Structures are given as C-alpha cells and as structure tokens.
Amino acid sequence: MSAYYVTTPIYYANGLPHIGSTYTTTLADFLVRYYSMLGKDTFFLTGTDEHGDKVQQAAEKLGKSPKEFTDEVSSKFESAWKELGLNPSRFIRTTDEDHKENVRNILQKIYDQGDIYFGEYGGHYCTGCERFLTEKELDDGKCPDHQTTPEWVSEKNYFFKMSKYQDQLLDHIKANPDFIRPERYKNEVLGLLREPLEDLCISRPTSRLSWGIPLPFDENYVTYVWFDALVNYLTGIGYPGQDKAKERWENSEHLIGKDIVKPHGVFWPTMLLAAGVPLYKHLTVHGYWNTPSGKMSKSLGNAVDPLEVKKQVGMDVFRYFVMREMTFGLDGNYSGEALETRYNADLANNLGNLVSRTLSMVHKYRDGKIPVPKSLNEESKKLKTNALSCFEEMGQFVESREFHKAAGRIWELVDLVNVYIDRSKPWSLAKNEENADQLDETLYCQLECIRIAAGCLLPFMPDTAPKILSFLGIDSKIEPNFFETFELLKEGSEVEKGEALFPRLEVNKEEKTEKKIAAKPKGGKVTEDKAGLIAFGDFQKIELTVGQIMEAAKIEDADKLLKLKVDIGTEDQRQIVAGIAKHYQAEELVGRKVAVVSNLKPAKLRGELSEGMLLAASDDAGNLELVYPGDLIKVGGKIS
Ligand code: ME8
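Heads up: the sequence shown begins at 1094 in my numbering, then just goes up one per residue.
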C-alpha cells in the first residue's frame, strides 16, 4: 500500500482558527479522505507553532506565561478541528519534547558540518512574518502582508549558509516541474532564486527572546522561528528514524497559503539539503480568502469564526463552498452572500432537489421500491456512462489540485440527471400503465446516478454523502479501492423517503454580512420575527383572485420561469411570469385553477411583462405546489 503524507502549516498559537486556516486544514482532510478511497496509507499532520516574539508578546498582553498561554490556544485549535470533523493523524506542537530534540539534532548536524556560523546582521524585521524582509519586499517601507513598518533589528546571531544550496535547489525545481505548484508560485520561487540568496538568521539571543528552543551549541541563543517550525514536518512522522516515515516523506505534500511561500519554497528545501534529508515531494500553494474588508487574518481582526459557520450552515456546506468557490491558486472572496448563493443554487435547488424529488417519485410511483429496468435506451446509457466516469474524471482534477473543477465535475452529473428527469417526465409516464417499463428505467437511472454522485461526494461532504447513500440503503464506509467495493443498488429493496438535505437559506437582507447567515427553521415554520409582522390593514391591501391558466410556455434561457396567460374574470387575460418551471411542465398547467395576487404592480422578468403572481406552497424538501381554490368559486371570485 503506497503512502500519502499531507501537512498544513502549523498555525501560530496567538489566535484562534479562522476561515483561512480552516480552508487549508479542510483541503488536507479532503485529500486524506480521497486518497484513502484509492487505498493509500495516509497521514495528516497539523498543529501549532508556539515559539517566537509574536506568541511571547500575545501572552504578555494577557499577563500569562507563554507556556500557559500556548497550552490554552493550542488546545482550542485541537478541539476546533475535532468539532469541525477535521481529523489529523497527529496534532503537533513545537513545544513537544520529540520536536525540540529533533530540531536540536538537525541544528547540531548542520553546525558540525560548518553550515552555521556566528555573525552580525541588521535588517527590517517583521514580527507578523517572523522574518527579515528585504528592501525589495517592502511596500512603501511597510510589510505588504501586515501593513506594519518592520523594526530595524541589528544584533549578533547565528546564520545558516543558505546561499551554499541555492544552485542545488534551482536544479531540483527545474528537474521536478510539479515540485511547487500551481505554476505561478513556482515562478515566484524561481524569481527569488534569480537573485543571490542572503544567509538565513536562525537565532535570537535569550536576553531578547527566551521563548524558544535553545541552540545545542550555544545556550545563550534560541532558534529563530522558521528553523524550529519547518522541522515539524519531519518530527510529525518521526523522520529521520522509522522506515514507514521514509516512505511517507517520499510521498509528502505541504499545503500552504501564499503568504509563506518563501520559507517553504526557499528556506525549507535548503535546510533539508544541508541536513542531508531528501526534499519533500510537493509544495501546494493556495491564494487568500478575502472578505469585503480585505484579506482575512487574525492580525487584521476581520476573521470569520468557522465554528459559527458550522453552527449556521453545517461543515459540509462550508467544505463544498470553499472548494468549489475558490479557483485553486488564486484569491477568493468569502462572504455570507456568496455562500448563500452557492447554497441555494448548487445544494438546495440542484443536489437537494434531485435527491428529494427522486425519492418522492419512487415512493409515489413504485411504493418506494428500487425498480428493475428491463433495458436502457440511448439517453439512459449516455447518462450512466457519464456517471461511471465521474469519479475518475473528478480524480484527474484532484491530481492537478483543481479542487473547484473536481467538485464541478460532480455537479455536471447532477445537472445532467436533472435535465434527464425533466426530459423523461416520470410524472407523465406514471399516468399510463403502458409506460411502466420506461418509468422503471428512468427511476432506476435517477437512483443509480445519485448513488454514484454520492460516492464521489464522500471526501467533499463526509456527513451528507453517507446520508444520501443511507436513503438508498447503501453502506458508505470508505474502504480502499472504494469504487470496486462500493455497494450497488439493491433492486426491489426500499428507499427511504429521506429528509430535506439543504433547507433553503435566508439572509436577513438588512444585516447582510458574512457573519449574519441564518438557516430557515426546519419544517417551513414561520419564525416570530417582530420586524416581519404586518398589520391587518397591510394584508387587506393585497387582492387575491381566482384565476385559470389558459396558456403556458417556457421562456428561452430561463430554466426556472414559465410564461402564463391567466383568466381572472376581467376582459383581458393577464400575463404572469412564474418561477415554477422546475416543478411543473407547461402542458400540465393549462386549464388549472390558481390563486392570483391581482393588484401587483406590473414588472418585467427576462424581458417579459408580468402582471401578477401565483400563490404556491413550498417545503424544506424543495417541493412546491400551486395553491388553488375548489370548484365552487368561479374564475374572478375574490379570496379573502
Ligand atoms: O504562517 N486565506 O502561521 P499562521 C487563506 N506559523 N488562507 C489563510 C488565510 C487567508 N486569508 N490566512 C491564513 C504561520 N491562512 C506559521 C507557519 S509552518 C512551518 C509555520 C492559512 O497562523 C494559510 O494556510 O499565520 C496560511 O499559509 C496559514 O494560514 C498561515 O498561518
């Protein structure tokens, strides 16, 4: 069984997890689940970076010792990941004893071979980055990431001869095109290597910073944060040392954000070259999540709390949103509005609706039993072929680390099934016993595609996908070579009615910020919202009239809208554009009685005049039904 080892940055223990750190950790968790499905022996490392000025200063501010402070922060990180369903194989702390020993051993080795020397250096030190910035990196004298003016620090320190390994690193990058990816970040590192590298300051005198790992060859100095932190990737798997660790290291991938490309793309590989350890396999870099107020970060104070997001929409929705929304490698915008849009479009309307309407059709037309198709026509075969290649094609996107496209591939299938249903019209087939075989075939194909889509969804949505599969009576434990052992539909056995997977989200429009998403209560109940109550007089202003649909047609390029001509007892028929095309075929509406809001100001929808609205009832399962009066009241009658 081949190995796969993935790491996230170890996050500074000076704050709490936010959407940015949760994103990186979610990607690692996704990859581990995905490679486990392929049968790899996976290992996932995350943790906290606890030494250095930044953490020491944060502890001092609270009047705590650094140890007391980092114990608290670190345990909050660890429990947050657990709460969010992100399960590292090890949660490492740079204060762990085995890590301190590992750092000291590596330092000693590099020192003994003459690659660490004592010298003096003055430079622009950014505490946010915990490193010296070169003149070139400064933007108007400030750190471009933290918008602070770095401090001029000049003191005697130990230096690592990074420059000695510059050419070797350059050769490695050229010989291994996917060593750093996506391409733009490889180019960034190549750009850094075009200039002569300065040697790396690796220490602080204990007189200035005591919170660190003492150098093994000089107790008056502690290691400087990066030489300590980066080594965690080796300590985490016990490398150098055990055989298993060697195999993991040969298949290692560091996931990071673009803020720490230089330490990972330059410092770390040169340190490894000096230590005589093979280089990691991949460095995979993502962009920033920005909020409407700029880059989201702990130090800028605009971070969104992932536990709050989980409470509001659930972790699966978050996972799907961040992987689908961000074009991997570029920056993405995180806002409640963007989340709501994806939720309603992709999850509630598309996936949720597909599952709920399929299950309800199987119950309505086949007593809940999975039908056995006699044969498959061309269209059904085409759909099934698409479904059967979904996991493999999604996997190709995962391999190229285009997570947004990988998720998109599953939705390509979901969309196709929805179109297939609309074209096959099971509700019409069900009207005539002669079409029984065709109805069996259609329902079977719907269920089969849902089964495969849910299988592909397992690493993206580890709570929802098993739920969907359980509706179909399928066990979804992730086993090696998943799709070879993935349970098939048990023909003739019963499917569940299921529950609403994604109740529609509503954002309070007046307070629409990234933190203010509220899920609609289950069961379609109305909340007691004082601002939402209306006076009796207001209700009286609405005129409701009994109408009858005389004509109905689809509107081109508007998949939700139908254009209706409605008789409401007046001389002219009204034209009404209604968003019901996903729920009704145009043909089945003609002749139907409806309740019309008849005194609405006319409006144009997709260029079509709409002179009223129809009343409809809906529920969390995505069902929608037109409300219409009985036979007694004739067209034109008033509803009050
Ligand atoms: O740099 N968008 O820790 P850190 C996307 N301790 N990702 C973001 C983000 C954003 N707005 N903000 C943070 C450190 N991240 C060092 C690492 S590793 C040996 C030492 C994520 O707490 C992203 O992964 O500042 C980024 O690289 C990391 O958090 C920085 O975390």
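Glycine included, C-beta positions come from ideal geometry on N, C-alpha and C.
None of the values given here were measured: they were computed from a predicted structure.
Sub-7 Å separation of residue i and residue j beta-carbons
i, j, result
"residue 1500", "residue 1416", "yes"
"residue 1549", "residue 1480", "no"
"residue 1736", "residue 1164", "Given a span of 1094 to 1733 for the chain in the structure shown, any question on residue 1736 remains unanswerable."
"residue 1436", "residue 1598", "yes"
"residue 1438", "residue 1503", "no"
"residue 1580", "residue 1571", "no"
"residue 1639", "residue 1722", "yes"
"residue 1497", "residue 1420", "yes"
"residue 1139", "residue 1115", "no"
"residue 1273", "residue 1376", "yes"
"residue 1700", "residue 1667", "no"
"residue 1136", "residue 1152", "no"
"residue 1445", "residue 1594", "yes"
"residue 1098", "residue 1344", "yes"
"residue 1247", "residue 1221", "no"
Neighbour-count burial assignment, residue i, 16 or more Cβ in a 10 Å radius
i, result
"residue 1624", "In this prediction, residue 1624 has a pLDDT of 45, which is less than 50 and means its spatial position is unreliable; nothing more can be read from the coordinates."
"residue 1113", "buried"
"residue 1562", "buried"
"residue 1211", "exposed"
"residue 1094", "exposed"
"residue 1174", "buried"
"residue 1577", "exposed"
"residue 1574", "exposed"
"residue 1610", "Because residue 1610 sits at a pLDDT of 46, beneath the cut-off of 50, its placement in the model cannot be relied upon, and the point is left open."
"residue 1245", "exposed"
"residue 1629", "exposed"
"residue 1327", "buried"
"residue 1602", "In this predicted model, residue 1602 has a pLDDT of only 44, less than 50, meaning its place in the structure is not dependable enough to derive any value."
"residue 1366", "buried"
"residue 1720", "exposed"
"residue 1384", "buried"
"residue 1195", "buried"
"residue 1223", "buried"
"residue 1287", "exposed"
Proximity test, residue i beta-carbon vs ligand 1 heavy atom, cut-off 6 Å
i, result
"residue 1102", "yes"
"residue 1423", "no"
"residue 1142", "yes"
"residue 1322", "yes"
"residue 1352", "yes"
"residue 1218", "no"
"residue 1381", "yes"
"residue 1117", "yes"
"residue 1427", "no"
"residue 1105", "yes"
"residue 1209", "no"
"residue 1514", "no"
"residue 1349", "yes"
Bridge-paired residues (DSSP) for residue i
i, result
"residue 1294", "1252"
"residue 1687", "1640"
"residue 1307", "1315"
"residue 1710", "1718"
"residue 1426", "1383"
"residue 1224", "1219"
"residue 1660", "1641"
"residue 1139", "1184"
"residue 1698", "1701"
Residue from the options with nearest C-alpha to residue i
i, options, result
"residue 1235", "1246, 1312, 1217", "1217"
"residue 1469", "1692, 1694, 1517", "1517"
"residue 1261", "1644, 1358, 1336", "1358"
"residue 1180", "1172, 1146, 1187", "1172"
"residue 1679", "1525, 1637, 1654, 1703", "1654"
"residue 1716", "1467, 1238, 1271, 1443", "1443"
"residue 1302", "1510, 1115, 1532, 1150", "1150"
"residue 1636", "1688, 1581, 1692", "1692"
"residue 1412", "1202, 1714, 1685, 1177", "1177"
"residue 1271", "1536, 1373, 1199", "1373"
"residue 1293", "1722, 1225, 1494", "1225"
"residue 1454", "1401, 1566, 1590", "1590"
"residue 1536", "1505, 1197, 1582, 1552", "1582"
"residue 1401", "1111, 1356, 1228", "1111"
"residue 1202", "1646, 1512, 1369", "1369"
"residue 1732", "1252, 1714, 1688", "1688"
"residue 1641", "1652, 1661, 1397, 1632", "1661"
heavy atom of ligand 2 below 6 Å from residue i C-beta
i, result
"residue 1113", "This structure lacks ligand 2; the ligands present are ligand 1."
Neighbour flag for residue i against chain B, beta carbons, 7 Å
i, result
"residue 1268", "Reference to chain B is not applicable here, since this structure consists of a single protein chain."
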